[in-house]
Amino acid sequence: SKTAGGNGVRFFEPQMQTKLEARRTLEAELRSALDNGELVLFYQPIYSLRTLTICGFEALLRWRHPERGMIPPADFIPIAEATGLIVPIGEWVIRQACADAVLWPDHIRIAVNLSALQFTKSDLLQTIAAALASTGLSPTRLELEVTESVLLRDDESTIAILHQLRALGHRIALDDFGTGYSSLSYLRSFPFDKIKIDQSFVREMAGRADCASIVNAVAGLAQDLGIGTTAEGVETEEQVQQLVRAGCTEVQGYRFGRPGPAPSVAQYFTNQDRP
Ligand code: C2E
Ligand code: CA
Ligand code: CA
Ligand code: CA
């Protein structure tokens, strides 16, 4: 409180203490969340812009906290990363996503987000192989999304794992493209199958010419490289039309469907038409 007066240390101490305690509590709770079945996967549809039919879903993690309700990943993934809990959590995500997706039509893919730690602190290839073996899902149906952080250290072994995953038939997508510092260099260090254009560009596209230019340039670059582009965070019909003109190949966003629990996915298969 302000009563602590001019003493900077005493002013910040109680606040920092509370923050630290809150974080420790959340950390302890996250440790048991996995065992207690509190983690769930939501699925968001991805549509082909060419055919306007559904081509896959992205798995997005949620924490159904018994007291706090649904906690978004932004509030607990940083903790999971800092504590290493992202490794067992990420393994569960892979297994659960494969188990859910194997029940979907054969042409529907499932995209899973991977953290850098899963490459360096676990046997990712073994985890994925085991999930595919136990569910019977084809590797061509499991797409893996990585951000630049996975390639940050330009780690030889990470690149080698990505190459092996690709050789096994998985597609690898570069997520959140354009939000890092040197996105273009990552396209040189690994041959991605797909670029996901970050929603910050898509959101500003209609009002800002520079954002529209960036989206056009990325879609054109991807075309030249012979790979696909998924625009994220597509909310309006105007954005859809702009993305068609830009030559984007896939779209994802509230305009096409919000992330929902596994049972909600069935609705997309009964009606293949665009929402
Ligand atoms: P992301 O991979 O970029 O996922 C897309 C995010 O955009 C999701 O947020 C999704 O709900 C949101 N989104 C989709 N369409 C729209 C739209 O039209 N408008 C707006 N405003 N937002 C939209 P979410 O589910 O909160 O996930 C946030 C981030 O958490 C993800 O960003 C991803 O980086 C991370 N994450 C989620 N699940 C996992 C996971 O299983 N493992 C790891 N390592 N990270 C995950
Ligand atoms: Ca993603
Ligand atoms: Ca993204
Ligand atoms: Ca993002």
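Residue numbers (the UniProt record's numbering): 508 to 782. Virtual Cβ for every residue (Gly too), placed ideally from N, Cα, C. In this text, all values refer to a predicted model and were calculated from it rather than measured experimentally.
Among 759, 577, 627, whose alpha-carbon lies nearest the alpha-carbon of residue 554?
Just measuring C-alpha positions, the residue of 759, 577, 627 sitting nearest residue 554 is 759.
Contact between the segment 762 to 778 and the segment 538 to 555: three or more CB pairs below 8 Å?
Enough Cβ pairs lie closer than 8 Å, so yes.
Any chance you could list the alpha helix (DSSP H) runs of at least 4 consecutive residues sitting entirely within the segment 616 to 702, in chain order?
Fully enclosed alpha helix (DSSP H) runs of 4 or longer: 623 to 627, 631 to 642, 655 to 658, 663 to 674, 690 to 696.
For residue 564, which residues does DSSP report across the bridge?
According to DSSP, residue 564 bridges with 552, 617.
Please determine, among 628, 675, 649, 655, the residue with the shortest C-alpha to C-alpha distance to residue 695.
Considering only alpha carbons, the answer is 655.
Tell me where the alpha helix (DSSP H) around residue 597 begins and ends.
Run containing residue 597: 593 to 608, per the alpha helix (DSSP H) assignment.
Following a CB-centred definition, is residue 705 positioned closer than 7 Å to any heavy atom of ligand 2?
No - ligand 2 has no heavy atom lying nearer than 7 Å to the Cβ of residue 705.
Nearest-angstrom Cα separation, counted from residue 546 out to residue 600:
Here the C-alpha atom of residue 600 lies approximately 9 Å from the C-alpha atom of residue 546.
Distance, Cα to Cα, residue 650 vs residue 682?
Here the alpha carbons of residue 682 and residue 650 stand approximately 12 Å from one another.
Could you tell me whether any non-hydrogen atom of ligand 2 is closer than 7 Å to the CB of residue 620?
Taken from the Cβ of residue 620, at least one heavy atom of ligand 2 lies inside 7 Å.
If you run the structure through DSSP and keep just helix, strand and coil, what is residue 578?
Three-state result, residue 578: strand.
Residue 668 and residue 632 closer than 8 Å at C-beta:
In terms of Cβ geometry, residue 668 and residue 632 form a close pair [threshold 8 Å].
For residue 713, which three-state DSSP category applies?
Three-state DSSP puts residue 713 in coil, outside helix and strand.
Meets three-Cβ-pair contact criterion under 8 Å: the segment 709 to 720 and the segment 682 to 691:
Flag = no, the segment 709 to 720 and the segment 682 to 691 do not touch.
Backbone CA spacing between residue 575 and residue 591 [nearest angstrom]
Between the C-alpha atoms of residue 575 and residue 591 there is a straight-line separation of about 23 Å.
Quick check: what's the CA-CA separation for residue 508 versus residue 520?
Unreliable positioning characterises residue 508 in this predicted model, as indicated by a pLDDT of 41, which lies under 50. The coordinate reading is nonetheless provided below. Taking the Cα positions, residue 508 is about 10 Å away from residue 520.
Nearest residue (CA-CA) to residue 750, options 771, 732, 772, 721:
Distances from the alpha-carbon of residue 750 to those of 771, 732, 772, 721 put 721 closest.
Please name the residue, chosen from 637, 706, 674, that lies closest to residue 699 on a Cα-to-Cα basis.
Residue 699 has its Cα closest to that of 674, out of 637, 706, 674.
Just tell me which of 734, 550, 740 has its CA closest to the CA of residue 569.
Restricting attention to 734, 550, 740, the CA atom closest to the CA of residue 569 is found in 550.
Is it the case that the Cβ atoms of residue 608 and residue 617 are separated by a distance below 8 Å?
Cβ distance < 8 Å, so residue 608 and residue 617 count as in contact.
Take the Cβ of residue 676 as the centre, count every other Cβ of all protein chains shown within 10 Å, and call the residue buried at 16 or more, exposed below.
By the 16-neighbour rule on beta-carbons within 10 angstroms, residue 676 is exposed.
Just the C-alpha distance for residue 679 and residue 559, rounded to the nearest angstrom, thanks.
Straight-line Cα distance between these residues: approximately 22 Å.
Neighbourhood of residue 772 by C-beta distance below 6 Å, restricted to the same chain and skipping five residues each side
Excluding its 5 nearest sequence neighbours in each direction, residue 772 has C-beta neighbours in its own chain below 6 Å: 550, listed in chain order.
Looking at residue 566 and ligand 1, is the gap between the Cβ and the nearest heavy atom below 7 Å?
At least one heavy atom of ligand 1 is nearer than 7 Å to the Cβ of residue 566, so yes.
Nearest-angstrom Cα separation, counted from residue 670 out to residue 658:
So the two alpha carbons sit approximately 13 Å from each other.
Within the present structure, is the beta-carbon of residue 749 separated from the nearest heavy atom of ligand 1 by less than 7 Å?
Not so, every heavy atom of ligand 1 lies at least 7 Å from the Cβ.
Residues bridged to residue 738 (per DSSP)
Residue 738 pairs with 704, 758.
Please report the straight-line C-alpha distance between residue 627 and residue 665, rounded to a whole angstrom.
Going from the Cα of residue 627 to the Cα of residue 665 covers about 7 Å.
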